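To start, the structure itself, in structure tokens.
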Amino acid sequence: MSHHTTPDKKFWTPANILTAIILAVGLVLTVKRFTMGIGSVTNLTDDNPWGIWIGFDLLCGVALAAGGYTTSAAVYLFGMKKYHSAVRPAITTAFLGYAFVVFALLYDLGRYYRLPYPLTIYPGPTSFLFEVGLCVALYLTVLAIEFSPAVWETLRWKKMRHYAHSLTLVLTIFGVILSTLHQSSLGGLYLIAPSKLHPLWYSPYLALFFFVSSIPAGLSMVIFEGGLSHKFLHHKMDQTHIDEAPGVTLGFAKAAAVVLFGYFNLKWIGVAIDDNWHYLATGWGAWFLVEVIGFVLVPCLMYAVAAREKNQKLAFWASIVTVLGIVLNRLNISLVAFNWQLPSEFRYVPAWEEIMITVFIVTLEITVLRFCLSKLPILHEHPEFKEAH
Amino acid sequence: MKRRKFIGMLAGAGACLAASSASAGGTHHFTGYPESFGVLFDSTKCIGCRKCEAACNKVNELPAQPVPFDDLTVMDKRRRTHHDTFTVVNKYAVGDKPVYRKQQCNHCLEPACASACFVGAFKKDKTGAVSYDASKCVGCRYCMIACPFEIPTYEYHDPVTPRVRKCTMCQPRIEEGKLPGCVEDCPKGALVFGRREDLLGIARERIRKHPDTYINHIYGENEMGGTSWLYISGAPFSQIGLREDLGITPAPQFTSGPLGVVPAIVGLWPVFLTGAYALTKRKEKISEEEQHHAVAEAVADAQAEAAKKLKAAMDKAERDKQAAVDREVKKALKDAEEARKKEAEAADAGEQ
Ligand code: SF4
Ligand code: SF4
Numbered sequence: 001m002s003h004h005t006t007p008d009k010k011f012w013t014p015a016n017i018l019t020a021i022i023l024a025v026g027l028v029l030t031v032k033r034f035t036m037g038i039g040s041v042t043n044l045t046d047d048n049p050w051g052i053w054i055g056f057d058l059l060c061g062v063a064l065a066a067g068g069y070t071t072s073a074a075v076y077l078f079g080m081k082k083y084h085s086a087v088r089p090a091i092t093t094a095f096l097g098y099a100f101v102v103f104a105l106l107y108d109l110g111r112y113y114r115l116p117y118p119l120t121i122y123p124g125p126t127s128f129l130f131e132v133g134l135c136v137a138l139y140l141t142v143l144a145i146e147f148s149p150a151v152w153e154t155l156r157w158k159k160m161r162h163y164a165h166s167l168t169l170v171l172t173i174f175g176v177i178l179s180t181l182h183q184s185s186l187g188g189l190y191l192i193a194p195s196k197l198h199p200l201w202y203s204p205y206l207a208l209f210f211f212v213s214s215i216p217a218g219l220s221m222v223i224f225e226g227g228l229s230h231k232f233l234h235h236k237m238d239q240t241h242i243d244e245a246p247g248v249t250l251g252f253a254k255a256a257a258v259v260l261f262g263y264f265n266l267k268w269i270g271v272a273i274d275d276n277w278h279y280l281a282t283g284w285g286a287w288f289l290v291e292v293i294g295f296v297l298v299p300c301l302m303y304a305v306a307a308r309e310k311n312q313k314l315a316f317w318a319s320i321v322t323v324l325g326i327v328l329n330r331l332n333i334s335l336v337a338f339n340w341q342l343p344s345e346f347r348y349v350p351a352w353e354e355i356m357i358t359v360f361i362v363t364l365e366i367t368v369l370r371f372c373l374s375k376l377p378i379l380h381e382h383p384e385f386k387e388a389h
Numbered sequence: 001m002k003r004r005k006f007i008g009m010l011a012g013a014g015a016c017l018a019a020s021s022a023s024a025g026g027t028h029h030f031t032g033y034p035e036s037f038g039v040l041f042d043s044t045k046c047i048g049c050r051k052c053e054a055a056c057n058k059v060n061e062l063p064a065q066p067v068p069f070d071d072l073t074v075m076d077k078r079r080r081t082h083h084d085t086f087t088v089v090n091k092y093a094v095g096d097k098p099v100y101r102k103q104q105c106n107h108c109l110e111p112a113c114a115s116a117c118f119v120g121a122f123k124k125d126k127t128g129a130v131s132y133d134a135s136k137c138v139g140c141r142y143c144m145i146a147c148p149f150e151i152p153t154y155e156y157h158d159p160v161t162p163r164v165r166k167c168t169m170c171q172p173r174i175e176e177g178k179l180p181g182c183v184e185d186c187p188k189g190a191l192v193f194g195r196r197e198d199l200l201g202i203a204r205e206r207i208r209k210h211p212d213t214y215i216n217h218i219y220g221e222n223e224m225g226g227t228s229w230l231y232i233s234g235a236p237f238s239q240i241g242l243r244e245d246l247g248i249t250p251a252p253q254f255t256s257g258p259l260g261v262v263p264a265i266v267g268l269w270p271v272f273l274t275g276a277y278a279l280t281k282r283k284e285k286i287s288e289e290e291q292h293h294a295v296a297e298a299v300a301d302a303q304a305e306a307a308k309k310l311k312a313a314m315d316k317a318e319r320d321k322q323a324a325v326d327r328e329v330k331k332a333l334k335d336a337e338e339a340r341k342k343e344a345e346a347a348d349a350g351e352q
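Just so you know, the sequences run in chain order A and B.
All residue numbers for the first sequence refer to my numbering, where the first residue is 1 and numbers rise by one.
All residue numbers for the second sequence refer to my numbering, where the first residue is 1 and numbers rise by one.
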């Protein structure tokens, strides 16, 4: 590990200046949101009560944080030891991902200070949202414990690290159960509104779709972030991480190809079961095909080829297409194909302030992630805890 | 053990989910409280005077409206309910004459909003009213997503205590034995308040008596599992803003099935995952054992080899030693012989 930032390196790089501007604007809008109401910074209406804060921050945020449970399950439950170095970065991004999902929710909830109500004071268990809330809360706790060894190591609190570490197996199993439940529940949320969601996207299998697609989403984020940290944080990585990276990328690419193919087939079963074929000839049908072929089948084939030819570059590009595809799918369900029958003047288009707050939250998350990756033993093993896994 | 406790907790949560979803939308068909009330709206009698809107505004103590209620031009545009307007009357052009239709919460028998709310802030009351309790609400607005009639509205500009707002069917007035505000002030009898069962009878009777005036359908009798507000009309319902593609499935049934899968996942996943883990461990153990075995064999081979070598070496040493001894003996014998010869020679010489 040859780090040591040169002291004369400038802090005000263009990237940091941009970050600072975004954070400043975000703070101003945050004040506005919490003093003048949700309506002062969003285009939400009575017809469109959920905008990009739910469609992007919540739905996409949770799906893309699925790398945590997929990676730890692969390594600890299915014995793929050679991917071990991928666990910590995946857990870290998952933990931060969920933490920021909850943070973003505070903006969207009218009475954010009552967030614990559904879990404590008034449970409403007939609601899929209750399940989402319960599982996300529990899973965030699980991730916090799974993430904590990196902190204990840095602090050299050996006992704490030992306790946290001895829970690995239980936490992994727990994490998979909770993820299965809340990943699918996010899809389940829309089951209650068959008259509002376009039939090509509405399906009694929505919950299953969300769960299955969260797997390639998680795998792709691991590949994608792996590729990025190789480029930009190479100096923070130790030899094990560097050596294992190609294996992780190609192994995950193979898994993603298989699951994407299964998901592709499921989507067609979804169309067939309600006999919605005639919608394919409409504009909505064309848009559906763009999603299912362009952003499910295409990355599936890219991954397959990448895995067979051991082409890491191709796998990296496939991961980008997959991630975009997941985002597209979640936005289609929550915003684009939702309320499709409303006249266009009543449709929702996000306000710039709304987008800005989302950008603000994502920027904040990346800043914290960058901090963690550079200060904590995540891309390398702590010298005092080597081989202690 | 910690692990068992964790999984036990989860299973508990799952069972609780299953139990409650079963009672909310499970196998039996809930058809509302038998004695509950409702309102029948007859579009053939409505003249679009907005008196019901004014009454609603008054009895619910809603803020004054920018356009007075006697200004009928507002009806040229499609309107919907808002947080300070629980009911609106819209004008629809059907054929050559206008048809008016009042809109407000339909007070579903099995309300989508109540099933969607994750703190149970909505409740179907025995009066028929679907009531909202602001002291529970978290403000997630899932109820608004869920309502098929697009009724609940929100106070988007209240930063601290925004409420979901909608028609209450004047539940407080009903409990006092009064009529809902809109019904009381309707000058044309387009609104009839009563027990839902009786209203269905009235509606059927009107349709039977005037088959040319009415379409033979009572909107709300079965839509989304039935609603407390009922509509009869001479114009097709889809032309007066009431969707006819909603079906008759009560909203909670869309989710009760998938929610019922939860306990199965909670029950089966740990078994499966622990199994996968055990298999992995077993595989590792077997390969470890095989490795052990191989090492032991190699060690044994090596030892045997070494023993053989040692024996050979010892044999050789033995042989060498024997040879040395033999050599020494031979030499000694030879020496002795020579000494004996010398002695004999010397003796010979002495005798001479
Ligand atoms: S019309 Fe909407 S708000 Fe009213 S009870 Fe039915 S689902 Fe709830
Ligand atoms: S906004 Fe309030 S009443 Fe509506 S679903 Fe959310 S918590 Fe329940």
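Even glycine gets a Cβ: it sits at the ideal position worked out from N, Cα and C.
Just so it is clear, the structure is predicted and the values come from calculations on it, not from any experiment.
At a cut-off of 7 angstroms, the beta-carbon of residue 104 of chain A does not count as near ligand 2: no heavy atom of the ligand is closer than that. Inclusion of residue 81 of chain B and residue 145 of chain B in the CB contact set at 8 angstroms is not warranted, their separation being larger than that value. For residue 232 of chain B, the pairing in a beta bridge is given by DSSP as B/42. The C-alpha of residue 196 of chain A is placed about 29 angstroms away from the C-alpha of residue 135 of chain B. A direct Cα-Cα distance of roughly 42 angstroms separates residue 90 of chain B from residue 63 of chain A.
Taking 8 angstroms as the CB threshold, residue 63 of chain B stays off the interface with chain A.
The CB of residue 265 of chain B comes closer than 9 angstroms to the CB of 177, 180, 181 and 184 in chain A, given here in chain order. Assignment of residue 149 of chain B by DSSP, reduced to helix, strand and coil, places it in the coil class. Neighbours of residue 229 of chain B across chain A, judged by C-beta separation under 7 angstroms, do not exist; the nearest C-beta is about 17 angstroms away. In this structure, DSSP gives residue 214 of chain B a state outside helix and strand, which the three-state scheme calls coil. Contact annotation: in the segment 24-53 of chain A, residues whose CB is within less than 7 angstroms of a CB in chain B are 34, 35, 36, 37, 38, 39, 40, 44, 46, 47, 49 and 50.
Chain-order list of chain A residues neighbouring residue 245 of chain B: 195, by C-beta distance under 8 angstroms. Pairing residue 88 of chain B with residue 43 of chain B gives a Cβ-Cβ distance that is not under 8 angstroms.
The alpha-carbon of residue 68 of chain A is positioned some 10 angstroms away from that of residue 146 of chain A. With 6 angstroms as the limit, the residues whose C-beta approaches any heavy atom of ligand 1 more closely are B/105, B/106, B/107, B/108, B/111, B/112, B/113, B/130, B/147, B/149, B/151, B/152 and B/166, in sequence along the chain. Residue 37 of chain B sits in a strand when the DSSP states are folded into three classes. Across the structure, residue 104 of chain A and residue 57 of chain A are spaced so that their CA atoms are roughly 7 angstroms apart. In chain order, 92 and 94 place their CB closer than 7 angstroms to the CB of residue 239 of chain B, counting only its own chain and leaving out the 5 sequence neighbours on each side. Restricting attention to A/108, A/174 and A/183, the CA atom closest to the CA of residue 269 of chain B is found in A/174. Ranked by Cα distance from residue 125 of chain A, the first of B/181, B/333 and B/256 is B/256.
For the set A/219, A/88 and A/282, the Cα lying nearest the Cα of residue 250 of chain A is the one of A/219. Shown here, residue 101 of chain A sits in a helix according to DSSP, grouped into three states.
For residue 128 of chain A, the uninterrupted alpha helix (DSSP H) segment begins and ends at 128-155. Taken through DSSP and simplified to helix, strand or coil, residue 113 of chain B comes out as helix. At the C-beta level, residue 148 of chain B and residue 130 of chain B stay beyond 8 angstroms of one another.
By alpha-carbon distance to residue 308 of chain A, the top candidate from A/256, A/323 and A/96 is A/256.
With a cut-off of 7 angstroms, the C-beta of residue 164 of chain B is classified as near ligand 2, since at least one heavy atom of the ligand falls inside that distance.
Taking 9 angstroms as the upper bound on Cβ-Cβ separation, chain A lies near residues 112, 114, 115 and 116 of the segment 88-116 of chain B. Per DSSP, the beta-bridge partners of residue 227 of chain B are B/108. Short note on residue 139 of chain B: C-beta closer than 7 angstroms to some heavy atom of ligand 2. Close to chain B, meaning a Cβ-Cβ distance shorter than 7 angstroms, are the following residues of the segment 113-129 of chain A: 114, 115, 117, 118, 122, 124, 125, 126, 127, 128 and 129. Collapsing the DSSP output to three states places residue 301 of chain A in a helix.
Each of A/54, A/177 and A/246 was checked against the Cα of residue 311 of chain A, and the nearest Cα belongs to A/246. Annotation: the continuous alpha helix (DSSP H) that includes residue 318 of chain A extends over 312-331.
By the CB criterion at 8 angstroms, residue 288 of chain A and residue 280 of chain A fall inside the cutoff. In the structure shown, residue 67 of chain B adopts coil according to DSSP, grouped into three states.
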